[in-house]
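Quick note, the sequences are listed as chains A and B, same order. Numbering-wise, the first sequence is residues 1 to 239 according to my numbering. Numbering-wise, the second sequence is residues 1001 to 1272 according to my numbering.
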Amino acid sequence: MSSIEQRVERFEDRREIKNIMGKYVTSCLLCREDTLVDTLFAGRDDISVGFNNGYYVGREAVKGYFAAVCEATAKKSKVLQEIFPDQLGKLSDEELYGVGPFKAEPLNSFYMQEAEDLQTAKAIWMVEGSITDITEKGPITSWVWSYYAADFIKEDGQMKLWHVLHVEETNCPNGTDWAMPKNDYPELPEFASLKDVKLPEPNQPADVWERFSASRGAAKTPRLPEPYTTFAETFSYGV
Amino acid sequence: MASNRDWNATKFPAWFEHNIPKRYPLPRKNDEDLLQMVEDIEEVRDLMSLRSYYQAAGKRQEELDELWVSEPLHAAKASFGANWGYYYGKNEIQRWYVDEYTARKKEQLKVWSEKNGTAYDEANLGAGCMAMFPMSTSLVRISADGQSAKGMWYSIGQQTEYQEDGTAQGQWQYNKVCADFIKENGKFKIYHIVCANDQNYAAGTDYSAPTYIDPKDDMMAVEFGTPTIPMNVHDNTYNWADNYPPMPEPYETLTPENSYGPEGHPMLKGGC
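Rendered as structure tokens:
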């Protein structure tokens, strides 16, 4: 039986974990992905972020990935400035930054388990996301049904992100059926320069998660957090 | 134009008054009791989140076995309600929620296996299908006696079903979900649940267009089958808001009349 102090600590950790992931998705919404590692992740080197196609493992790789996301955002904003000179022409690069992409990812179905030793925790969320991207086909908004899952580790008494996993079930333009995804929009000459905007490949590529299709096998979710004593006896949302 | 109406003197209909937050004293006094209440609220939230992951993975049997009441007296009065009625008693819930669902999935899997050129294997049950019901906007009340809880969530979810022609069809579902929970061996379990659908429509279509769906064309109504108590639990015709199930209010102890079971529905109160 835990003491009252331990029970209160458990509740505070739970609240902190919710807040950390709230800040994570809000930072993405504000196109401030470049702040995530320094503000929300643990200071250790073995941090990771994983997606459907693999993992960015290690501090340098994770920072590099988020920096590339921000670099791409800057290019997208710049293209919009060229297309809309009356509205955006006078903005400095700093003022312009973030115009265009819009990533709404409300976190729901929060479920977590904290280790008995109170040093780590695991949590999962379900997301009905709406993501607007600026592409060579122009601005396209997509329904992105997804799961976030994460491991947390305590540093100086505070929970910090350790491994983040974000896997998409669907990514299809709004107005289409995600069961029969299609993106028939034509490429537009004024957005052509964005064709070359690519993010770095994961440094540990893997088939982490297959998006939904009519031919996909049994429905599943990422593995749910299970009760555990220390992190050594449970699984990781990293590699 | 500004209204001259005296809003302070205006008497609102009962369903509106019901939604005005009231100030209630906390039901317990000492720190340990308050901490227990906080933990209970989080336990109930976890339970409903867990249910949404079980739904997504098609683990309905596990949901019923692990998350729902099992003590005989509770099981006999457990209920699962939706717009078109209630399944009453855990055996009835099992019949529809698990057995009929599993039979449907097996039929789908036969077609899926044929279309994909693979051998029929029940490890693939749910292939070509997807369901996600993110639980948001939770409002949880723990009873003053600490033995039960009531909660309300909103879920903008989706259900995608494999079709006989080898394609799949997605459907948006906007659901208000309310539930009663009761403690068994110190853990909260689902006792009564009402999934009140406000709106559903095919993915990729204009959701402002179909304000009336004939029940025979409503995938959710058809899927709800033949409930133990067929009745109009929640009417979403023309997006009509009938305030059922209502928000949970602070309460002393769980009774049939204040529950989300059929005994607590305004049309049946005390008469079920």
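We put the beta carbon where it would ideally sit given N, CA and C, even for glycine.
message: Please state the DSSP three-state secondary structure of E12 (chain A).
response: Position 12 of the first sequence, counting from 1, holds the residue named residue 12 (chain A). Looking at E12 (chain A) - three-state DSSP - the assignment turns out to be helix.
- prompt: List, in order along the chain, the chain B residues whose C-beta lies closer than 7 angstroms to that of M159 (chain A)?
  reply: Walking along the first sequence from the start, residue 159 (chain A) turns up at place 159. Among the residues of chain B, none has a CB under 7 angstroms from the CB of M159 (chain A); the nearest is roughly 16 angstroms distant.
- request: Spell out whether any CB of chain B is found under 8 angstroms from the CB atom of F66 (chain A).
  value: Position 66 of the first sequence holds residue 66 (chain A). Not a single CB atom of chain B sits nearer than 8 angstroms to the CB of F66 (chain A).
- prompt: Got a sec, what are the start and stop residues for the alpha helix (DSSP H) Q1159 (chain B) sits in?
  reply: Stepping through the second sequence from its first residue, residue 1159 (chain B) is reached at position 159. Here Q1159 (chain B) belongs to no alpha helix (DSSP H); instead the beta strand (DSSP E) covers S1148 to Y1162.
- prompt: With 16 as the cutoff for other CB atoms within 10 Å, does M1001 (chain B) come out buried or exposed?
  reply: Counting from one through the second sequence, the residue named residue 1001 (chain B) turns up at place 1. The predicted position of M1001 (chain B) is uncertain, since its pLDDT is 47 and thus under 50; a value taken from the coordinates is nonetheless stated next. So M1001 (chain B) ends up on the exposed side.
Buried or exposed (CB count within 10 angstroms, at least 16 for buried), Y1207 (chain B): Your numbering for residue 1207 (chain B) matches position 207 in the second sequence. Burial call: exposed.
- prompt: What are the complete beta strand (DSSP E) segments, minimum 3 residues, inside the region 60 to 143 of chain A?
  reply: As far as the region 60 to 143 of chain A is concerned, its whole beta strand (DSSP E) runs of at least 3 residues are 102 to 104, 107 to 114 and 120 to 135.
- request: Would you kindly work out how many angstroms separate the C-alpha atoms of P1266 (chain B) and Q1061 (chain B), rounded to a whole number?
  value: Position 266 of the second sequence holds residue 1266 (chain B). Position 61 of the second sequence holds residue 1061 (chain B). For the pair P1266 (chain B) and Q1061 (chain B), the Cα-to-Cα distance works out to about 31 angstroms.
Exposure of P222 (chain A), with buried meaning 16 or more beta-carbon neighbours within 10 Å: Mapped onto the first sequence, residue 222 (chain A) falls at position 222. By the C-beta density criterion, P222 (chain A) is buried, having at least 16 other C-beta atoms within 10 angstroms.
message: Contact criterion: CB-CB distance below 8 angstroms. Does M1001 (chain B) meet it with respect to chain A?
response: Here the question's residue 1001 (chain B) lines up with position 1 in the second sequence. Low per-residue confidence applies at M1001 (chain B): pLDDT is 47, beneath 50, and the placement is therefore not dependable, though the value from the model is reported in the following sentence. Not closer than 8 angstroms to any Cβ of chain A, the Cβ of M1001 (chain B) fails to qualify, so no.
task: Verify the CB distance criterion: does V8 (chain A) have a CB-CB separation below 8 angstroms to chain B?
output: Taking the first sequence and counting its residues from 1, the one referred to as residue 8 (chain A) is at position 8. Taking a beta-carbon distance threshold of 8 angstroms, V8 (chain A) counts as an interface residue toward chain B.
- prompt: Of the residues B:A1203, B:D1235 and B:T1205, which one's Cα is nearest the Cα of D1214 (chain B)?
  reply: As a working note, residue 1214 (chain B) is residue 214 in the second sequence. Checked all of B:A1203, B:D1235 and B:T1205; the closest Cα to D1214 (chain B) is B:D1235.
- prompt: Which word fits K1269 (chain B), buried or exposed, when buried means at least 16 other C-beta atoms lie within 10 angstroms of its C-beta?
  reply: If you number the second sequence from 1, residue 1269 (chain B) lands on position 269. The residue is exposed, with fewer than 16 neighbouring Cβ atoms inside 10 Å.
message: For the region 175 to 192 of chain A, list every residue whose C-beta sits within 7 angstroms of some C-beta in chain B, in sequence order.
response: Correct list: G175, T176, D177, W178, A179 and M180.
query: M1135 (chain B) touches chain A at which residues, Cβ-Cβ below 9 angstroms?
result: Numbered from its first residue, the second sequence carries residue 1135 (chain B) at position 135. Correct list: N108, S109, F110 and M126.
field: chain A contacts from the region 1032 to 1044 of chain B (Cβ-Cβ distance under 8 angstroms)
entry: For the region 1032 to 1044 of chain B, which is checked against every Cβ of chain A, the residues closer than 8 angstroms are E1032, L1035, V1038, E1039 and E1042.
- request: Starting from L1268 (chain B), find everything on chain A with Cβ-Cβ shorter than 7 angstroms and list it in chain order.
  value: By one-based count along the second sequence, residue 1268 (chain B) stands at place 268. Near L1268 (chain B) there are no residues of chain A at all, since even the closest Cβ is about 31 angstroms away, more than 7 angstroms.
Environment of S121 (chain A) [buried if 16+ CB atoms lie within 10 Å]: As a first step, residue 121 (chain A) is located in the first sequence; it is residue number 121 there, counting from the start. The amino acid occupying residue 121 (chain A) in the given sequence is Ala; Ser does not appear at that position. Buried, because 16 or more other Cβ atoms sit within 10 Å of the Cβ of A121 (chain A).
- prompt: Checking contacts by CB at 8 angstroms: is C1272 (chain B) closer than that to chain A?
  reply: In the second sequence, residue 1272 (chain B) corresponds to position 272, counting from 1. For C1272 (chain B), the pLDDT reaches just 47, beneath the cut-off of 50, and the residue's location in the model is therefore unreliable, although a value from the coordinates is still provided. With 8 angstroms as the cut-off, C1272 (chain B) does not count as an interface residue toward chain A.
C-beta atoms of I1142 (chain B) and D1033 (chain B) nearer than 8 angstroms: The residue given as residue 1142 (chain B) occupies position 142 in the second sequence. The residue given as residue 1033 (chain B) occupies position 33 in the second sequence. Between I1142 (chain B) and D1033 (chain B), the CB-CB gap reaches or exceeds 8 angstroms.
Residue-level contact to chain B via CB, W162 (chain A), 8 angstroms cutoff: On the first sequence, position 162 is the one that residue 162 (chain A) refers to. No, W162 (chain A) does not count as interfacial toward chain B.
- prompt: Distance, Cα to Cα, P181 (chain A) vs M1130 (chain B)?
  reply: Residue numbering aside, residue 181 (chain A) sits at position 181 when the first sequence is read from its first letter. Residue numbering aside, residue 1130 (chain B) sits at position 130 when the second sequence is read from its first letter. So the alpha carbons of these two residues sit roughly 14 angstroms apart.
message: I need the boundaries of the beta strand (DSSP E) containing W1172 (chain B), first residue and last residue.
response: If you number the second sequence from 1, residue 1172 (chain B) lands on position 172. The continuous beta strand (DSSP E) containing W1172 (chain B) extends over residues A1168 to E1184.
- prompt: Rounded to a whole number of angstroms, what is the C-alpha to C-alpha distance between A1203 (chain B) and C172 (chain A)?
  reply: As a first step, residue 1203 (chain B) must be located in the second sequence, where it is residue number 203. As a first step, residue 172 (chain A) must be located in the first sequence, where it is residue number 172. Roughly 11 angstroms separates the two Cα atoms.
- prompt: Any idea what DSSP makes of I1041 (chain B), helix, strand or coil?
  reply: Here the question's residue 1041 (chain B) lines up with position 41 in the second sequence. Helix at I1041 (chain B).
message: According to DSSP, simplified to helix, strand and coil, what is K1187 (chain B)?
response: For the purposes of this step, residue 1187 (chain B) is taken as residue 187 along the second sequence, with counting starting at 1. K1187 (chain B): strand per DSSP, three-state reduction.
task: Could you please tell me which residues of the region 1051 to 1069 of chain B, in chain order, have their CB closer than 7 angstroms to any CB of chain A?
output: If the cut-off is 7 angstroms between Cβ atoms, the region 1051 to 1069 of chain B has S1052, Y1053, A1056, A1057 and G1058 near chain A.
message: Strictly below 7 angstroms CB to CB, what residues from chain A border D1198 (chain B)?
response: One-based indexing of the second sequence puts residue 1198 (chain B) at position 198. Simply none; closest approach about 15 angstroms.
field: C1272 (chain B) versus P1256 (chain B) - alpha carbon distance
entry: The sequence position of residue 1272 (chain B) within the second sequence is 272, counting from 1. The sequence position of residue 1256 (chain B) within the second sequence is 256, counting from 1. The predicted position of C1272 (chain B) is uncertain, since its pLDDT is 47 and thus under 50; a value taken from the coordinates is nonetheless stated next. Note on geometry: alpha-carbon atoms of C1272 (chain B) and P1256 (chain B) lie some 9 angstroms from one another.
- request: Provide the residue span of the alpha helix (DSSP H) that contains I1093 (chain B), from first to last.
  value: The residue you call residue 1093 (chain B) lines up with position 93 of the second sequence. For I1093 (chain B), the enclosing alpha helix (DSSP H) stretches over residues K1090 to I1093.
- request: Give a yes or no on whether 8 angstroms exceeds the smallest Cβ distance from E169 (chain A) to chain B.
  value: As a first step, residue 169 (chain A) must be located in the first sequence, where it is residue number 169. True, the Cβ-Cβ gap to chain B drops below 8 angstroms.
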